[in-house]
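First up is the structure itself, then whatever we jot down about it.
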Amino acid sequence: MSGSEVIERPDTEAPIEGKEPIVRFEKISKSFGELDVLKEVDLDLYPGERVAIIGPSGSGKTTMARLLMTLEEPTDGYIEVDGRQLWHKEVNGELVKANEKHLHEVRGDIGMVFQHFHLFPHMTVLKNLMEAPIKVKGQTKAKAREEALAMLEKVGMVDFADQYPARLSGGQQQRVAIARALVMHPKVMLFDEPTSALDPETVGEVLEVIKEIAKDREMAMMLITHEMSFARDIADRIAFFDEGKIQEQGPPAKLLNNPETERLGEFLNRFGIDGNHG
Amino acid sequence: MVWDWKYALDILPGLLEVAPVTILATLGAFAVALILGLGLAFARRSTNRLLSGVTHAVVEFIRSTPPFVQLFFLFFVMPQFGVTMSALMTGILGLGIHYSTFLSEVYRAGIDSVEKGQWEAATALNFTPRQKWMRIILPQAIRPIIPVMGNYLITLFKETPMLLGITVVEMLSQAQIIGSQSFRYTEPVTLVGIFFLVLSYGASLLVKRLEIRLNVHR
Amino acid sequence: MKNLLSGAVPTIQLTLLGAALAFLLSFLGGFGRLSRFTAVRGVSGFIVEFFRGTSLLVQLFWLFYVLPFMGIRLESGMVGLLALGFNYGAYGSEVVRSAILSVPQGQHEAGISLNMTSLQRMRYIILPQAFRTMIPSFGNLLIELLKGTALVSLVTIPEMTFEALAMRTNDAQYTLEIFGWLLVIYFAISYPLTMLMRWTERRFSLGRL
Ligand SMILES: Nc1ncnc2c1ncn2[C@@H]1O[C@H](COP(=O)(O)OP(=O)(O)OP(=O)(O)O)[C@@H](O)[C@H]1O
Ligand SMILES: [Mg+2]
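Residue numbers (UniProt numbering), protein chains in the order written: chain A, 1 to 278; chain B, 1 to 218; chain C, 1 to 209.
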């Protein structure tokens, strides 16, 4: 791929005008002991927007997603989801640390697809999709089943509804995992390198599914990925992480073709994309 | 007063006097179990179907029935066939045989954990079967199972009180004797409990350490 | 032989009741040792190590000889049941604890990402998976418990081994037969239990692969 190539995009407009962000990271820092993984990062995601996160290994991409999914607690800073504080709660006009009940309320807006799928091995594919809607959202079995089947249809896995996950290929498992997150109807969906644990031949089918659901623009998507061409095809905006900070962000065409920072240029070179550094 | 410190201190020497019996029984039975267990493991691996089948059946039978009853069996029945040995020896043999069935499984797991390539390399270097076992396979098989063996040693230790059933005077039996003389059981039985707790818990900490060290030096 | 078989009834009763008590205590102890609260972890850890470390027979003797001095008089059957239940419950709590810890962290995280509460995660995601890992160990413990019931003959509970010892005092010439049959009957009880456990293991592992 050469830098001057013009990328064809089905819809280039990011539907963000006049909208409030659905997710807002404000001066987010995270340390593991001595190691400062994220350093006062700001990042906004708008409803329906698709943001790809790229960057070298260890730059803190996964940590960003895990903070938003409440799998990890920020050391400092704030995260806002649809106008509500995630890790904090207002008590008498002051922000205090949120309790589990508060997290439970806000977390319902967020969904996540993991690098290693994490399907529930003791449940069939269908059951994997029905469990949370029934138990967490209190849906009826019939309704949950109907929607689960529809979602499996969408990801092309309806024929496997009664199989157990261990029987499926990695790509198939990941498609089920995507459907499992979708049936919860999150407003923001996180993908943490959804294809990097897959055999090369099944990467394509998963990327296709993600592109398919991206078309709907029903939710904001945060895609952590090492697949540059995928990021370019799908994202409205790309953010480049390095050393715990966003070094550069912007539309794919701009960022991938004319990187401003030297670090990004070097990073892209390694993927065989030469931006005209300048 | 439920607990009498003076009395407890008075009887302590009498109790500790038989501690060597408990220790001897533990170590003796463990030695029997280690050696016999290895033999059973080999017998089960034998290509002779009959030998391996019979061994399997015997191992299943012994490990499914109470060692306490096996002790009585040896203690009462052996003399009928003209074999006489002291109660302690019978106890060591009985517990040793019982636990050899468990250790044979441990050996088997250890041997199975040695990679196939090691066998092939040993064959390629033209070692005799004996050399293959002694120099290549067993040293690798035994290392990872040392902690498991340690845990069986501790288990055996805690099983020795049952030897009192066949008249061996070990710690618990001694406590019972002391108790019956003074009609005070609280102190002797409790002291024996503490003796077992301290030694077995201490030993289990050692085994945990050992496990970590063996893993570190992989 | 007849007398032995009638002694088998209390042996089986003790095994089943002891197993029920031990099963209950296993979960209590296992969850206790995984508790968020340091105090709960400490106390349950101490109790578990205590019952694991002091030897079943010593515990039996303690309940049988010492408790009466404290004004607590238990029926001898109850003494046997308590000692067996607590001793094997302590071992069982280790089984529960390590099985729960063996479920990968990713399963917890998937549960969180679907907004399940910690109770729901435990109930629907973690325990069903941990339970499969527990079955073989629980099976082994059940056999150990059965073998342990022979020891309670020493505190005058008239179970099978007790009967055999009594019979031998009267008919010393049949020693071989008495103890031979005794072992066979124990095997006849434990082997079906082993089979049952293996069957359960297979049943519950259906669908995993
Ligand atoms: N729980 C943790 N404890 C200690 N250090 C951690 C923990 N999680 C992550 N780290 C460290 O934080 C840094 C950033 O990790 P992170 O997983 O966010 O990187 P990443 O950008 O996702 O990398 P990759 O592309 O390899 O997935 C790494 O150095 C990692 O070792
Ligand atoms: Mg990552």
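From the three backbone atoms N, C-alpha and C, an ideal C-beta is built for every residue, glycine too.
Helix, strand or coil at glutamate 80 of chain A [DSSP, three-state]: The three-state secondary structure of glutamate 80 of chain A, taken from DSSP, is strand.
Residues near glycine 32 of chain C by beta carbon distance below 6 Å, same chain, minus five either side: Beyond the five residues adjoining it in sequence on each side, glycine 32 of chain C comes within less than 6 Å, by CB distance, of Val40 and Ser44 in the same chain, given in chain order.
Proximal residues of chain C, C-beta to C-beta of alanine 132 of chain A below 8 Å: Leu114, Asn115 and Met116
Inter-residue Cα distance where the pair is methionine 134 of chain B and glutamine 129 of chain C: If you take the alpha carbons of methionine 134 of chain B and glutamine 129 of chain C, they lie about 41 Å apart.
Residue from B:Leu38, B:Ile136 and B:Gly110 with nearest C-alpha to glutamate 120 of chain B: Of the candidates B:Leu38, B:Ile136 and B:Gly110, the one whose C-alpha sits nearest the C-alpha of glutamate 120 of chain B is B:Ile136.
Contact with chain C by valine 37 of chain A, beta-carbon distance below 7 Å: no
Methionine 112 of chain A - DSSP class collapsed to helix/strand/coil: Residue state, collapsed to three classes: strand.
Short Cβ contact (7 Å threshold) for isoleucine 161 of chain A with leucine 114 of chain C: For the record, residue 161 of chain A in the displayed sequence is alanine; it is not isoleucine. No, Cβ-Cβ distance for alanine 161 of chain A and leucine 114 of chain C is not below 7 Å.
For proline 10 of chain A, three-class secondary structure by DSSP: Only weak support exists for where proline 10 of chain A lies, its pLDDT of 44 falling under 50; the value from the coordinates is given anyway. Three-state result, proline 10 of chain A: coil.
Any chain C beta carbon closer than 7 Å to histidine 88 of chain A: For histidine 88 of chain A, the answer is no, since every Cβ of chain C falls outside 7 Å of its Cβ.
C-beta atoms of alanine 231 of chain A and leucine 45 of chain A nearer than 7 Å: no
Anticipated Cβ contact below 8 Å, glycine 18 of chain C with leucine 67 of chain C, distance rounded: Not a contact, Cβ separation roughly 18 Å.
Chain-ordered neighbours of alanine 150 of chain C on chain B, where CB pairs are closer than 7 Å: Pro66, Phe68 and Val69
Residue interval of the alpha helix (DSSP H) (run including aspartate 112 of chain B): 87-112
Heavy atom of ligand 2 within 6 Å of lysine 61 of chain A beta-carbon: yes
Glutamate 49 of chain C: contacting residues in chain B (beta-carbon distance under 7 Å): Residues of chain B whose Cβ lies closer than 7 Å to the Cβ of glutamate 49 of chain C are, in chain order, Tyr201.
Contact check, proline 144 of chain B vs glutamate 211 of chain B, beta carbons under 7 Å: no
For arginine 184 of chain B, three-class secondary structure by DSSP: coil
Proximity test, glycine 58 of chain A beta-carbon vs ligand 1 heavy atom, cut-off 6 Å: For ligand 1, at least one heavy atom lies less than 6 Å from the Cβ of glycine 58 of chain A.
For methionine 123 of chain A, the nearest candidate out of A:Glu146, A:Gly156 and A:Leu168 (CA to CA): A:Leu168
Endpoints, the beta strand (DSSP E) within which glutamine 249 of chain A is located: 245-250
Chain A within 7 Å of alanine 110 of chain C, Cβ atoms only: yes
Sub-7 Å separation of valine 199 of chain A and glycine 170 of chain A beta-carbons: The residue asked about is misnamed: residue 199 of chain A is aspartate in this sequence, not valine. Glycine 170 of chain A is positioned such that its CB atom lies closer than 7 Å to that of aspartate 199 of chain A.
CB contact check: threonine 22 of chain B to chain C, cutoff 7 Å: By this cut-off, threonine 22 of chain B is not an interface position.
Close-in-space but distant-in-sequence residues of the same chain around leucine 74 of chain B (CB under 6 Å, 5 per side omitted): Take leucine 74 of chain B, set aside five residues on each side of it, and the residues of its chain with a beta-carbon closer than 6 Å to its own are Thr90 and Gly94, in chain order.
heavy atom of ligand 1 below 6 Å from phenylalanine 25 of chain A C-beta: no
Among A:Thr261, A:Asp242, A:Phe117 and A:Lys254, nearest to isoleucine 53 of chain A - alpha-carbon criterion: A:Asp242
8 Å Cβ shell around methionine 134 of chain C - same chain, five flanking residues per side excluded: Val95, Val96 and Ala99
Histidine 185 of chain A versus glutamate 227 of chain A - alpha carbon distance: Near 26 Å, if we compare the C-alpha coordinates of glutamate 227 of chain A and histidine 185 of chain A.
Residues, ordered as in the chain, of the segment 7-32 of chain C that lie near chain A by beta-carbon distance below 9 Å: none
Chain C within 7 Å of threonine 186 of chain B, Cβ atoms only: yes
Closest Cα partner of valine 192 of chain B within the set B:Ile97, B:Gly179, B:Ala203 and B:Leu206: B:Gly179
Short CB-CB distance (under 7 Å) between glutamine 105 of chain C and chain A: no
Whole beta strand (DSSP E) elements within the segment 9-74 of chain A, 3-residue minimum: 23-32, 35-45 and 50-54
Simplified DSSP state of isoleucine 157 of chain C, which is helix, strand or coil: coil
Serine 200 of chain B versus glutamine 105 of chain C: straight-line alpha-carbon distance, rounded: 32 Å
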